[in-house]
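Peer 1: Submitted below is the structure of interest, expressed as structure tokens.
There are 2 protein chains.
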Amino acid sequence: MDPKIKARYEARAGIIKSMSHPTRLFMVDELSKGERCVQELTEMVGVDVSTISKHLSVLKGVGIVADEKRGAQVFYTLRVPCVLNFFSCVESVIRANAAEQAALAE
Amino acid sequence: MDPKIKARYEARAGIIKSMSHPTRLFMVDELSKGERCVQELTEMVGVDVSTISKHLSVLKGVGIVADEKRGAQVFYTLRVPCVLNFFSCVESVIRANAAEQAALAE
DNA sequence: TGGCGATTTGGTAAATTAACCAATAAAGAT
DNA sequence: ATCTTTATTGGTTAATTTACCAAATCGCCA
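First to last, the protein sequences are chains P and G. Take the position in the first sequence, starting the count at 1, then add 922; the result is the number in my numbering. Take the position in the second sequence, starting the count at 1, then add 922; the result is the number in my numbering.
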């Protein structure tokens, strides 16, 4: 594959990859409802704060979220809402799989 | 996080994860133009056939592609075309990042 | 200034991923 | 029947990922 083309797919894949972890996916979904601080997300997910912080930095790194420090807290917001489109497609993949299963069981 | 909710995000993330590798993303894009056999994809990507075969099996595992054996060849097709929507969003993330960069450089 | 709460960063260990090669399986041609 | 082509599977290794804990940083207030 041509190096230029390859680089393009790597860049694209990197962005998708940032959404490919359950915790990060959940946080993107949650941020679609409004800004959240690290602490709030930590409580919701139920893992160590440092883990949440690192996940957020992955999302920030690819430009999906933005952060804003206010006092001692850091608030994260969704920078590119179209990532929410992923959800509807993912659901239709799940539905298609379920339909297939049902058809095979007949 | 509630185990039921957690399982849902894991299932969703799994589907997204299958698209998070450059080679798999390229193949999905290519399959959007029509069916392709393993050999064709192998030549286009330029890695070992076994590697391509394994990548395809990942995509098949989550239900994004379907395969059909015809003679000695196996043809793969895109089963859920909406995954192509990912591309447009990914591009807008890339554009947003580029715009941000340009703004900072002013 | 000292301390407290909120967040990030560094470090480590376990698990996962992905590439290649070799071996196997299946289909078709000689 | 054997060889050849096409694809999948098994095995190994290197690289990446992710979780936790501990330590450092930042902002605010007493």
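A virtual CB, placed ideally from N, CA and C, is assigned to each residue, including glycine. Small disclaimer: the values here were computed from a predicted structure and weren't measured.
Please tell me whether P:Glu962 has its Cβ less than 8 angstroms away from any Cβ of chain G.
Peer 2: Not an interface residue.
Peer 1: I want to verify the contact list: residues of chain P whose CB lies under 8 angstroms from the CB of G:Lys928, in sequence order.
Peer 2: The contacting residues are Pro944.
Peer 1: Determine the extent of the alpha helix (DSSP H) in which G:Arg992 is found, giving its start and end residues.
Peer 2: Not the alpha helix (DSSP H): G:Arg992 falls in the beta strand (DSSP E), residues Val987 to Arg992.
Peer 1: With a CB to CB cut of under 7 angstroms and the five nearest residues on each side skipped, what residues in its chain are close to G:Phe1008?
Peer 2: Excluding sequence neighbours, G:Phe1008 sits near Met941.
Peer 1: Taking C-beta to C-beta, are P:Thr945 and P:His977 nearer than 8 angstroms?
Peer 2: Yes. Within cutoff.
Peer 1: Tell me P:Arg958's beta-bridge partners as DSSP assigns them.
Peer 2: BP columns for P:Arg958 point to P:Tyr998.
Peer 1: Give me the chain P residues within the contact set of G:Leu1000, using Cβ-Cβ distance strictly less than 9 angstroms, ordered along the chain.
Peer 2: In chain order: nothing, as chain P lies at least about 11 angstroms away.
Peer 1: Using DSSP with H/G/I as helix, E/B as strand and the rest coil, what is P:Met941?
Peer 2: Coil, per DSSP.
Peer 1: With a threshold of 8 angstroms between beta-carbons, can P:Glu932 be considered close to chain G, or not?
Peer 2: Closer than 8 angstroms to some Cβ of chain G, the Cβ of P:Glu932 qualifies, so yes.
Peer 1: Compute the distance between the beta-carbons of G:Asn1019 and P:Gly985, then report whether it is under 8 angstroms.
Peer 2: Taking 8 angstroms as the Cβ cut-off, G:Asn1019 and P:Gly985 qualify as a contacting pair.
Peer 1: Going by Cα to Cα distance, which pick from G:Ser1014, G:Val980, G:Pro1003 and G:Glu962 is closest to P:Ile937?
Peer 2: Nearest C-alpha to P:Ile937: G:Ser1014.
Peer 1: Would you say G:Val950 and G:Val1012 are within 8 angstroms of each other, going by their C-beta atoms?
Peer 2: Result no, Cβ atoms of G:Val950 and G:Val1012 do not sit closer than 8 angstroms.
Peer 1: Please say whether P:Val960 and P:Ser975 have beta carbons closer to each other than 8 angstroms?
Peer 2: For P:Ser975 and P:Val960, yes; Cβs fall inside 8 angstroms.
Peer 1: Closest Cβ-Cβ distance between P:Lys982 and chain G: below 8 angstroms?
Peer 2: Chain G contact via Cβ: absent.
Peer 1: Under 6 angstroms Cβ to Cβ from P:Met923, same chain only, skipping five residues before and after it: list those, please.
Peer 2: None.
Peer 1: Report yes or no: is there a C-beta of chain G within less than 8 angstroms of the C-beta of P:Ile986?
Peer 2: Judged by the 8 angstroms Cβ criterion, P:Ile986 is in contact with chain G.
Peer 1: Hey, quick one: how far does the alpha helix (DSSP H) through P:Glu1022 stretch, first residue to last?
Peer 2: Its alpha helix (DSSP H) spans residues Asn1007 to Ala1027.
Peer 1: Rounded to whole angstroms, what's the CA-CA distance from G:Leu947 to P:Ala935? Just pull it up for me.
Peer 2: Rounded to whole angstroms, G:Leu947 to P:Ala935 spans 7 angstroms at the Cα level.
Peer 1: Tell me the residue span of the alpha helix (DSSP H) that contains P:Gly983.
Peer 2: Note, P:Gly983: alpha helix (DSSP H), Val971 to Gly983.
Peer 1: Please determine, among P:Arg958, P:Ala994 and P:Leu981, the residue with the shortest C-alpha to C-alpha distance to P:Lys939.
Peer 2: Considering only alpha carbons, the answer is P:Leu981.
Peer 1: Thinking just about the alpha-carbon of each residue, which of P:Ile1016, P:Val1002 and P:Arg1017 is nearest to the one in G:Ser1010?
Peer 2: Nearest C-alpha to G:Ser1010: P:Val1002.
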